[in-house]
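Numbering (this note's numbering), first residue to last: 11 to 532.
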Amino acid sequence: MRSFSTLSRRSPITNPFKHPPAQHLLDEMPHRDAHAPRLNALLSAHVRNNHPTSALLLFLHMHRHNIPLDGFTFNPVLSACPTLPAAGFRLGYQLHSLMFKRGCLSEPIPATSLLNMYSKCGFFDDAVNVFDEMPERDVVSWNALLSCYIHHGHSQLTINAFFSMVQTGIEFTGFTLSTVLTACSSSRSLVQGLQLHALAFIFGYHNSLVIATSLIDLYSSCGMITQAMQVFTGLNSPKDTAMRNALITGLVQSQKYDDAFALFAQTTPNAVAFTSVLTACSDLLNLEHGKQIHCTALRRDFTSDTILCNVLVRIYAKCGDIHSAHSTFVMIDNKDVISWTSIIDAYGSQGCGLEALNLFKEMESEGSVLPNAVTFISVLSACGHSGLIDEGIKYFNVMKNKYGIDPEAEHYACLIDMLGKGGRIEEAWEVYGGVVKEGKLSSGVCVAMLNGCKVCMDLRRGEIVAKHMMELGDEDKAGVYVLLSNFYAGIGRWKGAEEVRKVMEDRGLRKEVGSSVIAICW
DNA sequence: TTAGGGTTAG
């Protein structure tokens with residue numbers, strides 16, 4: 011492990027005290043040991059004013075000069091850690107080690123700061139270990155644990171931990187309720203969400219803007235937009251931006267687009283509101299409306315917002331304007347994995363597989379963003395659309411071996427689809443067999459394999475796949491029968507196709523009628 | 001001095 015002195019020497023940080031008043035204060039301090047509280051206050055000021063590097067260097071200076079370090083010293087430095095990309099995980103571990111030596115871990119406040127640092131830096135297990143080893147926990151420690159769970163996508167753990175917290179006898183706060191409501195919303199846990207709504211009412215938190223916003227999000231996520239609107243209208247106090255945005259998003263999710271646009275028009279929208287209504291344009295494939303909002307976003311100077319631009323890339327791509335999608339993508343200053351995935355998918359779905367692969371290579375060489383499982387679905391799908399089978403197999407292996415991503419059903423479906431469509435039925439069947447063995451079979455995998463069997467006129471295998479599809483118990487039973495019927499028809503087994511249709515009719519199954527949307531602009 | 005709500009990709 012590197013020492014602090016080594017860290018400071020090698021660090022790319024070159025200007026330790028770029029804020030003259032801070033340096034001046036330090037220079038003017040003749041007896042620094044006696045002034046540790048003032049230095050701690052200075053540390054906090056650096057963090058509050060968004061100068062984490064200065065905070066770290068002041069901390070290193072204090073450590074080097076044997077100035078007493080306590081909870082008040084560690085808290086601001088720990089909160090600065092997640093914003094210090096150059097520091098890396100070693101800094102967090104070194105701080106943890108120092109806190110242990112100074113006996114700070116027995117106090118709930120610095121221990122909670124440590125938990126939070128690990129959580130925000132992506133070290134879930136370390137964060138939970140800190141909580142487990144805390145000799146004393148207050149309500150904020152519990153709230154930090156709940157936030158850690160939700161931050162790492164463990165909604166059910168959040169809900170369970172809340173009930174453990176209550177059983178322990180800790181009195182929850184509004185912070186607790188809003189965090190657990192977010193977990194209920196993410197996991198669509200309506201029953202527990204309703205219980206929390208009742209608790210919020212009993213304990214008088216229902217008029218809190220934050221709680222009401224969480225409730226709007228909960229009801230919207232559970233498809234109960236009327237209840238979400240009731241929470242919104244039922245609040246007596248003035249609504250804030252986040253709350254209005256929560257309802258705009260809920261209305262978009264519920265496909266109440268006109269209501270969403272109307273509420274948007276009544277507000278002074280920020281980038282989040284713009285993103286929500288752009289999502290509506292994307293759903294509606296309404297390019298003209300999307301362009302108008304893009305222009306307004308430009309005038310309001312919101313186009314440095316990565317999330318907003320990601321939606322714009324999607325709209326242009328979905329509406330077939332690949333050039334605008336690309337020019338929007340190029341203008342994104344801080345491209346994230348969704349920006350890259352969206353533009354790869356844009357080219358791939360237009361049949362421009364080579365361009366999609368070139369973008370993937372560019373993403374790799376640029377190096378600031380790592381591809382994830384979704385990126386590889388876009389890459390594999392791009393290969394499939396363009397018949398780049400060997401490239402597809404290569405990237406399937408790159409995903410596993412280079413990036414350590416375990417293939418999910420969707421990846422297998424892409425692989426089987428491209429092999430089947432390309433007439434490589436034996437290889438597709440081998441992959442399919444592996445998926446069955448692993449217990450990862452999904453309707454998507456079956457559909458891909460069935461289509462491959464259709465292309466290769468392979469009745470025997472097709473019927474095995476059809477049996478698997480039935481056993482999966484897919485909710486869209488009618489869809490399964492239609493696919494099976496089409497399979498028989500596709501290989502010229504008209505009698506089989508007819509029999510399947512007859513079974514459908516006897517069982518009263520009807521395939522939901524497809525629909526299309528067009529936007530008419532006056 | 002520690003903790004909470006609204007936005008994007010398959």
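C-beta atoms are modelled at their ideal positions from N, C-alpha and C, and glycine is treated no differently. Bear in mind the structure is a predicted one, so any value in this text is a computation, not a measurement.
Checklist entry - Where are the alpha helix (DSSP H) runs, 4 residues long or more, that stay fully inside the stretch 126 to 163, in chain order? => result 134 to 142 and 149 to 161
Checklist entry - Taking the Cβ atom as the reference point for each residue, do residue 227 and residue 256 lie within a distance shorter than 7 Å? => result yes
Item to check | Check whether residue 458 and residue 416 have beta carbons under 7 Å apart | outcome: No, they are not a contact pair.
Next on the checklist: Less than 6 Å separating the Cβ of residue 69 from some heavy atom of the ligand NAD?
Outcome noted: The model depicted lacks the ligand NAD and carries no ligand whatsoever.
Checklist entry - For residue 250, which residues of its own chain have a beta-carbon under 7 Å away from its beta-carbon, when the five flanking residues on both sides are left out? => result 219
Next on the checklist: If I follow the unbroken alpha helix (DSSP H) through residue 464, where does it start and stop?
Outcome noted: From DSSP, the alpha helix (DSSP H) with residue 464 extends over 453 to 465.
Item to check | Identity of the residue in 386, 420 and 275 nearest residue 409 by Cα | outcome: 386
Next on the checklist: Would residue 323 and residue 353 be called neighbours here (beta carbons separated by less than 7 Å)?
Outcome noted: yes
Item to check | 7 Å Cβ cutoff met for residue 197 and residue 165 | outcome: yes
Next on the checklist: Just verifying my parser: in three-state terms, what is the DSSP assignment at residue 514?
Outcome noted: helix
Item to check | Given residue 327 as reference, the closest of 335, 321 and 320 once Cα atoms are compared | outcome: It is 335.
Item to check | Test item: CB-CB of residue 456 and residue 479 under 7 Å | outcome: yes
Checklist entry - Any idea if residue 365 is buried or exposed, counting beta-carbon neighbours within 10 angstroms, 16 or more meaning buried? => result Residue 365 is buried by the Cβ-count criterion.
Checklist entry - Does DSSP put residue 409 in a helix, a strand or coil? => result helix
Item to check | Check whether residue 120 and residue 151 have beta carbons under 7 Å apart | outcome: no
Next on the checklist: Which of the three DSSP states is assigned to residue 537 in this structure?
Outcome noted: For residue 537 there is no data in the structure shown, the boundaries of the chain being 11 and 532.
Item to check | Where residue 417 sits in the DSSP three-state scheme | outcome: coil
Next on the checklist: According to DSSP, is residue 7 part of a helix, a strand, or is it coil?
Outcome noted: Residue 7 is absent from the model: the chain starts at 11 and stops at 532.
Item to check | Three-state secondary structure assigned by DSSP to residue 77 | outcome: coil
Checklist entry - Do you know offhand how far residue 60's Cα is from residue 47's? => result Their backbone Cα atoms lie some 20 Å apart in a straight line.
Checklist entry - Just checking my contact of residue 235 with residue 199 at CB under 8 Å: how many whole Å lie between their CB atoms? => result Between residue 235 and residue 199 the beta-carbon gap is near 18 Å, outside 8 Å, which marks them as no contact.
Item to check | For residue 372 and residue 238, the rounded distance between their alpha carbons | outcome: Between residue 238 and residue 372, the C-alpha separation is close to 43 Å.
Checklist entry - Of the choices 315, 348, 361 and 308, whose alpha-carbon is the least far from that of residue 332? => result 361
Next on the checklist: Please report the distance separating the alpha-carbon of residue 285 from that of residue 232.
Outcome noted: 21 Å
Next on the checklist: Given this structure, state the Cα-to-Cα distance separating residue 275 from residue 303, to the nearest angstrom.
Outcome noted: In this model, residue 275 and residue 303 are separated by some 11 Å (Cα to Cα).
Next on the checklist: Please tell me whether residue 160 and residue 192 are closer than 7 Å, where the distance is taken between their beta carbons.
Outcome noted: Yes, these two residues count as a Cβ contact at 7 Å.
Checklist entry - Where does residue 312 fall in DSSP's three states? => result coil
Next on the checklist: Once the 5 residues before and after residue 467 are set aside, which same chain residues still bring their CB inside 6 Å of it?
Outcome noted: So the qualifying residues of the chain are 501.
Next on the checklist: For residue 261, which residues in the same chain have their Cβ closer than 6 Å to its Cβ, ignoring the five residues on either side in sequence?
Outcome noted: 269 and 270
Checklist entry - So, are the CB atoms of residue 397 and residue 423 less than 7 Å apart? => result It is not a contact, given that the beta carbons lie outside the stated cut-off.
Next on the checklist: Distance check for residue 174 and residue 79, CA to CA, integer angstroms please.
Outcome noted: 34 Å
Checklist entry - Between the beta-carbon of residue 437 and the beta-carbon of residue 429, is there less than 7 Å? => result Between residue 437 and residue 429, the CB-CB gap stays under 7 Å.
Checklist entry - Taking the Cβ atom as the reference point for each residue, do residue 392 and residue 358 lie within a distance shorter than 7 Å? => result Going by C-beta atoms, residue 392 is nearer than 7 Å to residue 358.
Checklist entry - According to DSSP, is residue 329 helix, strand or coil? => result Residue 329: coil per DSSP, three-state reduction.
Checklist entry - Can you give the Cα-Cα distance for residue 186 and residue 211, rounded to whole angstroms? => result One C-alpha to the other measures close to 14 Å.
Checklist entry - Among residues of its own chain, excluding the 5 on either side of residue 432, which ones have a beta-carbon nearer than 8 Å to its beta-carbon? => result 397 and 399
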